[in-house]
Amino acid sequence: MAEKFPLQTLLDLSNLRMDESAKKLGLLVAGERAAAERLELLGNYRDEYNNRFIEAARNGLRPEEWQNYRSFLDRLDEAIAQAREMLKLSQRQTKVGQDDWLDKRGKVKAFDTLAQRHEQRQQYGQMKAEQKLSDEHSARKYNPSTAPHPEGGGD
8 MAEKFPLQTL
18 LDLSNLRMDE
28 SAKKLGLLVA
38 GERAAAERLE
48 LLGNYRDEYN
58 NRFIEAARNG
68 LRPEEWQNYR
78 SFLDRLDEAI
88 AQAREMLKLS
98 QRQTKVGQDD
108 WLDKRGKVKA
118 FDTLAQRHEQ
128 RQQYGQMKAE
138 QKLSDEHSAR
148 KYNPSTAPHP
158 EGGGD
């Protein structure tokens, strides 16, 4: 009977932790993607609003309209700056998540390598035992001194 891999519990736990880390990394990547999309949307909206402002300015604006456009563009610029910072933060968190996942994957690989070596040793030991039994069987079959006498007795 094959001996159980003594570190199987640690291998299972490492796999579980790697899976959890992969899920967390997936969420971090999705968050980073969402932050990038938000930044892009804000930038596009600012460009569109700025184009409207330029068009309105060509057609003539009263001072309070001019001030409203400028004020709103300033608020958009602030929102873009915040979105850019959020994206940077999200990118840093994703990098930390990637590093964590790589660390966990490395541990799983190490335990998996040990498990494979254990399995190979078990198979080698089993093959040796089978070969020994086969050799003993062959030795009994072809060695007349160990073969049973036909009539149970006599010289």
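Start counting the sequence shown at 8; every next residue gets the next number (the working numbering).
All C-beta atoms, glycine included, are put in the ideal place defined by N, C-alpha and C.
Assigned exposure category for residue i - 16 Cβ within 10 Å defines buried
i, result
"Gln15", "exposed"
"Gly161", "The predicted model places Gly161 with a pLDDT of 48, which falls under 50 and marks its position as unreliable, so this point remains unresolved."
"Gly104", "buried"
"Arg147", "exposed"
"Glu85", "exposed"
"Glu39", "buried"
"Thr101", "buried"
"Ser97", "buried"
"Met25", "buried"
"Leu140", "exposed"
Nearest-angstrom Cβ-Cβ length linking residue i and residue j, presumed shorter than 8 Å
i, j, result
"Ala90", "Ala42", "7 Å"
"Leu20", "Tyr52", "With 8 Å as the limit, Leu20 and Tyr52 do not qualify as a contact, their Cβ atoms being about 48 Å apart."
"Leu23", "Ala122", "About 15 Å; that fails the 8 Å criterion."
"Leu80", "Asn57", "6 Å"
Segment limits, alpha helix (DSSP H) that includes residue i
i, result
"Phe12", "Neither: Phe12 is in no alpha helix (DSSP H) and is coded neither H nor E."
"Asn66", "From DSSP, Asn66 is part of no alpha helix (DSSP H); its letter is neither H nor E."
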